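For the record, the sequence lines run as chains E and F. The first sequence begins at 0 in numbering that gives the first Met the number 0 and counts up one residue at a time. The second sequence begins at 0 in numbering that gives the first Met the number 0 and counts up one residue at a time. These notes are about the structure you will find just below.
2 protein chains.
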Amino acid sequence: MFYGVVSQCAQSLKNLETCLEKAELHAAAKKFDVNVLMMSRLAPDQHHFIYQVQSACDYVKAAAAWLSGQAPPKHEDSEQTIGEVRERIKKTIAFVDGVEEAQYADASDRKITLSWAPGKVIRGVDYLLQVTVPNTYFHITTAYSILRHNGVDVGKFDYLGTMNFVDR
Amino acid sequence: MFYGVVSQCAQSLKNLETCLEKAELHAAAKKFDVNVLMMSRLAPDQHHFIYQVQSACDYVKAAAAWLSGQAPPKHEDSEQTIGEVRERIKKTIAFVDGVEEAQYADASDRKITLSWAPGKVIRGVDYLLQVTVPNTYFHITTAYSILRHNGVDVGKFDYLGTMNFVDR
Numbered sequence: 000m001f002y003g004v005v006s007q008c009a010q011s012l013k014n015l016e017t018c019l020e021k022a023e024l025h026a027a028a029k030k031f032d033v034n035v036l037m038m039s040r041l042a043p044d045q046h047h048f049i050y051q052v053q054s055a056c057d058y059v060k061a062a063a064a065w066l067s068g069q070a071p072p073k074h075e076d077s078e079q080t081i082g083e084v085r086e087r088i089k090k091t092i093a094f095v096d097g098v099e100e101a102q103y104a105d106a107s108d109r110k111i112t113l114s115w116a117p118g119k120v121i122r123g124v125d126y127l128l129q130v131t132v133p134n135t136y137f138h139i140t141t142a143y144s145i146l147r148h149n150g151v152d153v154g155k156f157d158y159l160g161t162m163n164f165v166d167r
Numbered sequence: 000m001f002y003g004v005v006s007q008c009a010q011s012l013k014n015l016e017t018c019l020e021k022a023e024l025h026a027a028a029k030k031f032d033v034n035v036l037m038m039s040r041l042a043p044d045q046h047h048f049i050y051q052v053q054s055a056c057d058y059v060k061a062a063a064a065w066l067s068g069q070a071p072p073k074h075e076d077s078e079q080t081i082g083e084v085r086e087r088i089k090k091t092i093a094f095v096d097g098v099e100e101a102q103y104a105d106a107s108d109r110k111i112t113l114s115w116a117p118g119k120v121i122r123g124v125d126y127l128l129q130v131t132v133p134n135t136y137f138h139i140t141t142a143y144s145i146l147r148h149n150g151v152d153v154g155k156f157d158y159l160g161t162m163n164f165v166d167r
């Protein structure tokens, strides 16, 4: 389960590539700098697009690391352009892809510590379902919504990406 | 896994209750009808708040049903008020809570048919990870974002709800 869920979170992150391409097309058509979209928000006191992607990346990276018994690699939050956002997604996926299914063998009972819950731990299975999944999809969807709200022609199938349908 | 993931999706839906309460407080403080928020959107060609909740409910209900070998109960999309939205969430959760863990025993290999993919099927495990989870969190997050964008004082911990942290 752990491998499957984390891999799908990584795939959903990768699906943002299509949204980034559409953001570039929209900015070019409207003749504005695409990096304006990278700094856009849904509310003045909510984080901007780049932060949403950084955060989604970090939840997926952290899950692949902690659930396989490793400390996550440090990725600095220094992105300022759409090109840097793409690189952040790529290095996150490269890390997650490097963790093999067997490395999640003990994931369920691992005790995970989170910086925002000092003195507490959460079991691997609860971490996956209550922290990784809701946070990853929260930040990916918020990134998507920032583009959607600003007129980029993204649709839910861009967000969903490829699904393993087979002929009946 | 199936029981755990579907139960967490239902819990995340239930967490919207806090957002609904905050929507009511905000509308009362600003002296407008809270049902204005129920009809609000992030983009003119995206669906409104009530649709987002209906859709999240339907993905969770359908997962509990199809993955346990049942046809989902029909819930009409007739909600127009915040009270009706609450009822929709409640009846969805009541249905999901009625499905016991053992009923998901054959979930992984079930072949699921979706109305928007005629002639195709998707295996239970792919349906859960590629359809249920991304769609459920997409619509819950979008509902949350509609309130956030309109000034309601919701925060990510309202969305996340209770997590099973224990003392270290």
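Virtual Cβ for every residue (Gly too), placed ideally from N, Cα, C. Please read these numbers as outputs of a predicted model, since none were measured by experiment.
Chain F contact for E/T91 (CB, 8 Å cutoff): Residue 91 of chain E sits at position 92 when you count from the first residue of the first sequence. Taking Cβ atoms only, chain F never reaches closer than 8 Å to E/T91, which makes this a no.
Cβ pair count under 8 Å reaching 3, the region 65 to 72 of chain F against the region 22 to 42 of chain F: no
Residues that F/V165 bridges to, as DSSP identifies them: The count along the second sequence starts at 1 and reaches residue 165 of chain F at position 166. Note: F/V165 sits in a beta bridge opposite E/V120.
Short CB-CB distance (under 8 Å) between F/M162 and chain E: For this step, residue 162 of chain F is matched to residue 163 along the second sequence. Cβ-Cβ to chain E under 8 Å: yes for F/M162.
Cβ distance (whole Å) where F/C18 is taken to contact F/Y143 below 8 Å: For this step, residue 18 of chain F is matched to residue 19 along the second sequence. For this step, residue 143 of chain F is matched to residue 144 along the second sequence. Going by Cβ atoms, the distance from F/C18 to F/Y143 rounds to 6 Å, so yes, they are a contact pair.
Within chain F, partners of E/D166 - CB distance below 7 Å: Residue 166 of chain E sits at position 167 when you count from the first residue of the first sequence. Going along chain F in sequence order, the residues near E/D166 (Cβ under 7 Å) are G118, K119.
Closer than 8 Å to chain E by CB, F/V130: If you number the second sequence from 1, residue 130 of chain F lands on position 131. At least one chain E Cβ lies under 8 Å of F/V130.
Spatial neighbours of F/T141 in its chain, beta-carbon cut-off 6 Å, leaving aside the 5 residues before and after: Taking the second sequence and counting its residues from 1, the one referred to as residue 141 of chain F is at position 142. The residues are Q51.
Three-state class that DSSP yields for F/K73 in the structure shown: One-based indexing of the second sequence puts residue 73 of chain F at position 74. In the structure shown, the three-state DSSP call for F/K73 is coil.
Cβ pair count under 8 Å reaching 3, the region 26 to 37 of chain E against the region 80 to 89 of chain E: yes
Any 3 or more C-beta pairs closer than 8 Å across the region 143 to 158 of chain F and the region 99 to 112 of chain E: no
Supposed contact pair F/S67 and F/Y126 - C-beta distance, whole angstroms, cut 8 Å: Mapped onto the second sequence, residue 126 of chain F falls at position 127. Mapped onto the second sequence, residue 67 of chain F falls at position 68. Incorrect: roughly 12 Å between the Cβ atoms, too far for contact.
Inter-residue CB distance, F/L12 and F/I111 (contact presumed, cutoff 8 Å): For the purposes of this step, residue 12 of chain F is identified with residue 13 of the second sequence, where counting begins at 1. For the purposes of this step, residue 111 of chain F is identified with residue 112 of the second sequence, where counting begins at 1. F/L12 to F/I111, Cβ: 20 Å. No contact.
Euclidean distance between Cα positions of E/L15 and E/N149: Residue mapping note: residue 15 of chain E aligns to position 16 of the first sequence, counting from 1. Residue mapping note: residue 149 of chain E aligns to position 150 of the first sequence, counting from 1. Taken atom to atom, the span from the alpha-carbon of E/L15 to that of E/N149 is near 16 Å.
Residue-chain proximity (E/T141, chain F), Cβ-Cβ < 8 Å: Position 142 of the first sequence, counted from the start, is the residue given in the question as residue 141 of chain E. Chain F contact via Cβ: present.
Cβ pair F/A22, F/I92 closer than 8 Å: Reading the second sequence from its first residue, position 23 is the one you call residue 22 of chain F. Reading the second sequence from its first residue, position 93 is the one you call residue 92 of chain F. No, they are not a contact pair.
Burial state of F/L133 (16 or more Cβ within 10 Å): Sequence index remark: in the second sequence, residue 133 of chain F carries index 134 (1-based). The sequence shown places Pro at residue 133 of chain F, not Leu. Counting Cβ neighbours within 10 Å, F/P133 comes out buried, since at least 16 surround it.
Contacts that E/A42 makes with chain C (C-beta to C-beta distance below 7 Å): Absent from the structure: chain C. Protein chains present are E and F.
Under 8 Å from the C-beta of F/M38: neighbouring residues of chain E: The residue labelled residue 38 of chain F in the question sits at position 39 within the second sequence. Under the 8 Å cutoff, chain E gives no residues; its nearest Cβ is about 16 Å from F/M38.
CB contact below 8 Å: E/R122 versus chain F: On the first sequence, residue 122 of chain E is found 123 positions in, with the first residue counted as 1. For E/R122, the answer is yes, since a Cβ of chain F falls inside 8 Å of its Cβ.
Rounded separation between F/D57 and F/F94 - CA only: Stepping through the second sequence from its first residue, residue 57 of chain F is reached at position 58. Stepping through the second sequence from its first residue, residue 94 of chain F is reached at position 95. If you take the alpha carbons of F/D57 and F/F94, they lie about 11 Å apart.
Opening and closing residue of the alpha helix (DSSP H) in which F/G82 lies: In the second sequence, counting from the first residue as 1, residue 82 of chain F sits at position 83. 81 to 96 is the span of the alpha helix (DSSP H), which, as asked, contains F/G82.
F/L159: contacting residues in chain E (beta-carbon distance under 9 Å): Residue numbering aside, residue 159 of chain F sits at position 160 when the second sequence is read from its first letter. Within chain E, the residues near F/L159 are Q129, V130, P133, N134, F137.
Sequence-distant residues of its chain with Cβ nearer than 7 Å to F/F1 (five each side left out): For this step, residue 1 of chain F is matched to residue 2 along the second sequence. Correct list, in chain order: L66, Y103, A106, L127.
Min CB distance E/K4 to chain F below 8 Å: Counting from 1 along the first sequence, the entry for residue 4 of chain E is found at position 5. For the record, residue 4 of chain E in the displayed sequence is Val; it is not Lys. True, the Cβ-Cβ gap to chain F drops below 8 Å.
CB contact below 8 Å: F/D125 versus chain E: For this step, residue 125 of chain F is matched to residue 126 along the second sequence. True, the Cβ-Cβ gap to chain E drops below 8 Å.
Under the three-state DSSP convention, the category E/K30 falls into: Along the first sequence, one-based indexing puts residue 30 of chain E at 31. DSSP places E/K30 in coil when its eight states are reduced to three.
8 Å Cβ cutoff met for E/N163 and F/R122: Position 164 of the first sequence, counting from 1, holds the residue named residue 163 of chain E. Position 123 of the second sequence, counting from 1, holds the residue named residue 122 of chain F. Yes, Cβ-Cβ distance for E/N163 and F/R122 is below 8 Å.
Within 8 Å, strictly: CB atoms of E/V4 and E/V59: Translated into the one-based positions of the first sequence, residue 4 of chain E becomes position 5. Translated into the one-based positions of the first sequence, residue 59 of chain E becomes position 60. No; because the gap between Cβ atoms is not below 8 Å, this pair is not in contact.
Short CB-CB distance (under 8 Å) between F/K13 and chain E: Counted from its first residue, the second sequence places residue 13 of chain F at position 14. F/K13 does not count as touching chain E.
Cross-chain neighbours of F/S144 in chain E, by beta carbon under 8 Å: Reading the second sequence from its first residue, position 145 is the one you call residue 144 of chain F. For F/S144, the residues of chain E that pass the 8 Å Cβ criterion are L41, T140, T141, S144, in the order they occur in the chain.
Other residues of its chain near F/V120: CB distance less than 8 Å, five sequence neighbours each side excluded: Numbered from its first residue, the second sequence carries residue 120 of chain F at position 121. So the qualifying residues of the chain are K110, I111, T112.
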